[in-house]
Structures are given as structure tokens and as C-alpha cells.
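Structure record follows, encoded as C-alpha cells.
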Ligand SMILES: Nc1ncnc2c1ncn2[C@@H]1O[C@H](COP(=O)(O)OP(=O)(O)OP(=O)(O)O)[C@@H](O)[C@H]1O
Ligand SMILES: [Mg+2]
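Residue numbers (our numbering), protein chains in the order written: chain A, 1028 to 1279; chain B, 3 to 286.
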């Protein structure tokens, strides 16, 4: 029996008057990859950004319902938002390493927490880079600028940077849509490798990608979670006709 | 040729002519200053104090005075300007207050510099009894530079891509650390180039220091903040308006102008170099 790691319960989200998410209830399961698909503007990113409270940055955002991370309500008034964000890592669509050295990118989260020794940071940086399959490519130039890496390498650096915090859940918002096919394949394999360490929720426009790597699939449409279940089932015998239409490309 | 092509051509040539006129005026201007001032330039001119009632010798004390006035005023205005810009940049400030501060800043930019001079005299020289001194002049110039630096710094902070702030916050950094460790370092080269440009402005101002810091003649170099100082722009002004030997003073005024121009151009080229190197390194 797989354990639910982070779950939303009747989640509603508004940006001002714009009702963006309607009663979404879904879970990300431990050591599984969950893919989120759906047409543009249906609320995938918005939902993803509820899981690490990034929507807090948008003043007009208003949220209703709850999200439980390991049974703990992350929107509880006493919850520490910075703490939640170290436990729920995020990787963005466009690789966005800081204009700092490779080392300092990965060490950033640890240095912010300010409770790690130099050697501890060094070890964690090395481990994270290894976990993100980047170590061999950068071990001789840890102190050169992260901007000198290729797009695919930059994205794996961003994954390493998120992993350094030791998160339990990793959120990926279309992580490969700005990359070439080779880098994309590498990140897909990396995700499959990483799921033994973290639970993964990945937004993708690439249905084939969702099919290749995910254990569970969520299909969103116009702010509603239309279908959520094991990928094998969602892709072969979807319950909802809208899911079938989307998968067969009736609408994009 | 069609009507549209003709219009295009006319537009293009008009713009070209206007650009040529602008460039031409710059050349005439530089030629006017340099041709009259270059003759008096010598090692003695930039390393000796004036002699024989300003008609001989050099302008060394004025160079030193301008150097200190500029350096001190920027040293005061830069930290204040950066702090103020960070305040304006941060989220969650009451909007009306931010708007008010911005209005005040933009009003200050437009105020004629002689008003700064009067203000400096009233507040620093008289009220705070700092007298006519290096520190009074530097404070007055700092107030003049402050709105320029705030604007440059705020623009530089706003120019840092949101991708970086989001990445930092998603890693668990609070807003304050995000600003200090990501936004500020990323914006720093642009803040510095903006500051260097305001150095050019500060170094050349006469009116703010006329009543607050400058003296026409002093053989000694300033060795304390409470000393009066000679300064290049004021020196030029005084040479052209005071004294009895106008025809002997004028070449020295033009020579001083050349030195001032070269100093400002030198500082600006540092800004250009910083910006160039930074552009080459950044890839976002
Ligand atoms: N910062 C914001 N402020 C106001 N409205 C927003 C904001 N971000 C997103 N929205 C709105 O929320 C809705 C959902 O957008 P969202 O970005 O979540 O869609 P998406 O499914 O991720 O689309 P895409 O596939 O194009 O990335 C849209 O109607 C959008 O206009
Ligand atoms: Mg999106």
C-alpha cells in the first residue's frame, strides 16, 4: 500500500475575482511520480504553487481548503512557510540558476538555513550534484559560473539545488519544455532514478512524457481535477470523456 | 519610388541629420574647451598651487578639493541610496507611502542646484554650525546625488529577473535574505554604474558648493573635514568672474575646465568598462 505524502483537500484558489481551482482533492504518493497534464491555462502551475505556498507571493491570491504534508497542514497559521519550502522543493520551467558559482548555487539553501558547517555543506553539495547526475560534468569547475553550463546542465543544477535542502517532495513545472530532446531524456531518466529518494509531482505538456515516467496521472481541465488515478488506467481506460479527448488530441 | 518609400527616406534622412547636428555640437563644444585650455596643461599645472594672484602656477588644491568633495558625498549618498531603494523595492510597503517617496525623489531631481546650495548653507553651515567646510559641501552634494542614486539603484533592483527571486524563495529563503543575497548582488554592477554617472554630475556642480565649501584661494590642501576647500568648478567660475587680470585668468579657467572634463570622462569610462564586462558575463 503506497503512502500519501502530500494531499489537497477540496482546494479552491482565486486570483482576485478569478476562480482558478475548483475543489481539487488529490495526493502525491511516496516514492512515486505523479504527472499533471491539461490544456494551457487550466491551473496546473497554480495548483503546483499551492504545494510550496509560492502563491503567497501574489497579493490577490486567496486559498480555501487544506493541504496536508505528512499529516501537517501547511496553511496552518502556525506553519513556518520557509520550513515548508525546504521540505517541498521546486524546479521551474526555465532553468534559473543564480548568477553565482555552481557550488554556491547548490549551497544556497543550506547557507540560508545557517546551521551547517563548511564540511557538511561541501558533502551535501557533492551528494546533491551526484544525485542530480551532474557531478562528473562539473566536479573540476565547481567555482566557475553556473551561467556557463548548457541549458540541460543548468536544469539539473536547479534540481541539485533543490535536492540539497533534503526535500521530501519535488515539484517540477514543465522542467523540460525549454530543453532539447537529449537533455529532456536525461531529465526523465533522472526523475525515475530520484523517485526512490523523493516523491515527485511533475507538470508536463508532453503526454508521451507523462506516459513514460509517471505512476499516477492527474488531468486538469478549466480549474477542475477531472481525472486522477494510476497512469496505466488513466491512459488506457479514462473514466471521463474529456480525458480521452485530451489524450487523443481532440483539444490541445 | 512610391510615396511610402519617399516618406521613409525623408524620415531616415531627417533623423540622420539631427544625429549629425548633435554629434557636431559635441565636437564643437569639446574643441572650444580643449583648444583654449590645452595650452596651459603641464605637469606643473596639475601639481602646483596657484601663484601670482591666480595668473600663474597650477590648480592642484582645486583638483584635490573636488576629489574629496566627490568621494565624501558619494560615500554618504551611496549607502543611504541603496537602503532607500531596497525599501522601495521590497514587497508589502503601504502603496501611498511608496508613491509619496517616489514623488519626493522625482521632485528633488528637478530642483535647480543653486537651491541645494542655499539649503546646504541654511542647514549645514548655519544651523548645524559646520561652517563653510569640506563636510558641509559634501553633505550638500550628497543630497543632490541621493535621488539620482536611489533611482539608479531601484531601477537596477527592479531589473533583476523575477526568476531569481522565485528560485530563492522556493529554496526557503525569506524575502529579506532573498534581497540581500540574490537581488542586491545581482543588481550591484548596475547600481555602481548608475552611481558613477552621478559622480560626474556631483564633481561638476558649482552652485551647491559655492556657499557651503568652496574658497577661491587656498594654498594648503584640506586636511580636515572642517577646512574650506578649493574646487575645480568653483575655481573656473571665480577665475571668469572675479579678479582684475581677466585676460591672464581665462586660459587657466579653460585649463581647469579641461582637467575637470578629463576627470569626469575618466570616471564615466570606468562605468562603461564595468557595464561592458558585466554584460559579457551575464546571460539571462
Ligand atoms: N499571478 C497571477 N495573477 C493572476 N492570475 C493568474 C496568475 N497566474 C496565473 N493566473 C491565472 O490562473 C489561471 C491558471 O493559470 P496557470 O498558470 O495555473 O495555468 P497552467 O495550467 O499552468 O497553464 P500553462 O500550461 O500555460 O502553464 C489562468 O487563468 C491565469 O490567467
Ligand atoms: Mg504553467
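Cβ atoms here follow ideal geometry from the backbone N, Cα and C, with glycine treated the same way.
Owing to the predicted nature of the structure, the values given are computational and were not obtained by experimental measurement.
Identified DSSP bridge partners for residue i
i	result
residue 52 of chain B	B:59
residue 1244 of chain A	A:1062, A:1256
residue 1031 of chain A	A:1056
residue 1100 of chain A	A:1095
residue 1036 of chain A	A:1093
Rounded straight-line distance, which links the Cα of residue j to that of residue i
i	j	result
residue 88 of chain B	residue 102 of chain B	16 Å
residue 38 of chain B	residue 258 of chain B	11 Å
residue 153 of chain B	residue 98 of chain B	18 Å
residue 285 of chain B	residue 1175 of chain A	With a pLDDT of 49 at residue 285 of chain B, under the threshold of 50, the modelled position of this residue cannot be trusted, and the question is left open.
residue 147 of chain B	residue 1161 of chain A	47 Å
residue 71 of chain B	residue 260 of chain B	19 Å
residue 277 of chain B	residue 1157 of chain A	36 Å
residue 1172 of chain A	residue 1181 of chain A	11 Å
residue 1187 of chain A	residue 1213 of chain A	14 Å
residue 275 of chain B	residue 1088 of chain A	43 Å
residue 1058 of chain A	residue 1195 of chain A	9 Å
residue 1249 of chain A	residue 1042 of chain A	14 Å
residue 155 of chain B	residue 84 of chain B	6 Å
residue 1096 of chain A	residue 193 of chain B	42 Å
residue 179 of chain B	residue 1139 of chain A	7 Å
residue 74 of chain B	residue 67 of chain B	11 Å
residue 95 of chain B	residue 76 of chain B	27 Å
residue 1122 of chain A	residue 165 of chain B	9 Å
residue 90 of chain B	residue 110 of chain B	16 Å
residue 1257 of chain A	residue 1112 of chain A	27 Å
residue 1167 of chain A	residue 1133 of chain A	15 Å
residue 1197 of chain A	residue 22 of chain B	59 Å
residue 1190 of chain A	residue 1159 of chain A	8 Å
residue 175 of chain B	residue 1238 of chain A	34 Å
residue 214 of chain B	residue 136 of chain B	8 Å
residue 1241 of chain A	residue 201 of chain B	58 Å
Run of the beta strand (DSSP E) containing residue i, from where it starts to where it stops
i	result
residue 1125 of chain A	Element bounds for residue 1125 of chain A: n/a, residue is neither H nor E.
residue 1116 of chain A	1115 to 1118
residue 133 of chain B	Element bounds for residue 133 of chain B: n/a, residue is neither H nor E.
residue 1226 of chain A	1226 to 1230
residue 1002 of chain A	The requested residue 1002 of chain A is not part of the displayed model; chain A covers only 1028 to 1279.
is_contact[residue i, chain A] using C-beta, thresh 8 Å
i	result
residue 253 of chain B	no
residue 175 of chain B	yes
residue 179 of chain B	yes
residue 188 of chain B	yes
residue 184 of chain B	yes
residue 285 of chain B	With a pLDDT of only 49 at residue 285 of chain B, under 50, the local geometry of the prediction cannot be trusted, and the value read off the model is given with reservation. Yes, residue 285 of chain B counts as interfacial toward chain A.
Below-8 Å beta-carbon distance, residue i vs any chain B residue
i	result
residue 1202 of chain A	no
residue 1095 of chain A	no
residue 1188 of chain A	yes
residue 1071 of chain A	no
residue 1192 of chain A	yes
residue 1126 of chain A	yes
residue 1081 of chain A	yes
residue 1275 of chain A	no
residue 1105 of chain A	no
residue 1112 of chain A	yes
residue 1178 of chain A	no
residue 1332 of chain A	Because chain A here runs from 1028 to 1279, residue 1332 of chain A falls outside it and cannot be looked at.
residue 1135 of chain A	yes
residue 1117 of chain A	yes
residue 1036 of chain A	no
residue 1002 of chain A	This structure gives no information on residue 1002 of chain A, because the portion of chain A shown stretches from 1028 to 1279.
residue 1084 of chain A	yes
residue 1270 of chain A	no
N-terminal and C-terminal residue of the alpha helix (DSSP H) that residue i is part of
i	result
residue 17 of chain B	5 to 39
residue 1093 of chain A	Taken as a continuous stretch (DSSP letters only), residue 1093 of chain A belongs to no alpha helix (DSSP H), being part of the beta strand (DSSP E) at 1088 to 1096.
residue 1046 of chain A	No alpha helix (DSSP H) contains residue 1046 of chain A, which is instead part of the beta strand (DSSP E) from 1045 to 1051.
residue 111 of chain B	97 to 112
residue 1170 of chain A	Taken as a continuous stretch (DSSP letters only), residue 1170 of chain A belongs to no alpha helix (DSSP H), as it is neither H nor E.
residue 232 of chain B	Note, residue 232 of chain B: premise wrong, no alpha helix (DSSP H); not H, not E.
residue 197 of chain B	186 to 206
residue 1211 of chain A	1208 to 1221
residue 44 of chain B	It is not in any alpha helix (DSSP H) - residue 44 of chain B carries neither H nor E in the DSSP assignment.
Near ligand 3: residue i beta-carbon under 7 Å from a heavy atom
i	result
residue 1200 of chain A	This structure lacks ligand 3; its bound ligands are ligand 1 and ligand 2.
For the stretch 151 to 172 of chain B, list every residue whose C-beta sits within 8 Å of some C-beta in chain A, in sequence order.
163, 165, 166, 168, 169, 170, 171, 172
Given a limit of 7 Å on CB to CB distance, which residues of the stretch 94 to 118 of chain B reach chain A?
none
Can you pull out the residues from the stretch 1138 to 1158 of chain A whose beta carbon lies closer than 9 Å to at least one beta carbon of chain B?
1138, 1139, 1140
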